[in-house]
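Residue numbers (this note's numbering): 45 to 171.
Glycine is no exception: its CB is placed at the ideal position from the N, C-alpha and C atoms.
Keep in mind that this is a model prediction, so the values were computed, not measured.
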Ligand SMILES: [Zn+2]
Ligand SMILES: [Zn+2]
């Protein structure tokens with residue numbers, strides 16, 4: 045699977061929680077993360093945010109760049125949704141496989157605010 049932003053091959057990265065651990069695909073270049081369906085809600089209770097370095101969210105222009113789903117055949121266009129409480133966080137999701145792409149810094153931003161569940165619900169509603 046390649047990064048929807050820079051086409052670099054994604055590498056597996058493990059995110060650990062006290063009870064569980066999930067594998068996500070991370071881009072070694074832009075440090076965006078691809079979550080397959082339901083993976084994002086699984087890490088809702090993550091207690092080890094240090095695994096994800098504190099990174100700056102990309103500029104608005106970068107975030108609004110069109111991207112294609114790295115996971116589906118024929119690479120459908122990812123849809124964008126803005127978090128209702130923070131317009132800085134723009135989430136890309138695939139309406140077909142329900143995967144979610146978070147740019148660098150976005151995971152950290154929503155973890156801090158405990159928004160992961162909210163976003164998972166939001167995407168479910170939109171999809
Ligand atoms: Zn990338
Ligand atoms: Zn997809």
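Outcome for residue i when other beta-carbon atoms lying within 10 angstroms are tallied against a minimum of 16
i	result
residue 82	exposed
residue 147	buried
residue 72	exposed
residue 68	buried
residue 58	exposed
residue 56	exposed
residue 115	buried
residue 50	exposed
residue 133	buried
residue 136	buried
residue 109	exposed
Three-way DSSP call (helix, strand, coil) for residue i in this model
i	result
residue 53	strand
residue 97	Confidence in residue 97 is poor, its pLDDT being 34 and thus under 50, which makes the residue's placement unreliable; the coordinate value appears in the next sentence. It is coil, neither helix nor strand.
residue 151	helix
Residue range of the unbroken alpha helix (DSSP H) whose run includes residue i
i	result
residue 106	104–107
Residue range of the unbroken beta strand (DSSP E) whose run includes residue i
i	result
residue 69	65–70
residue 146	144–146
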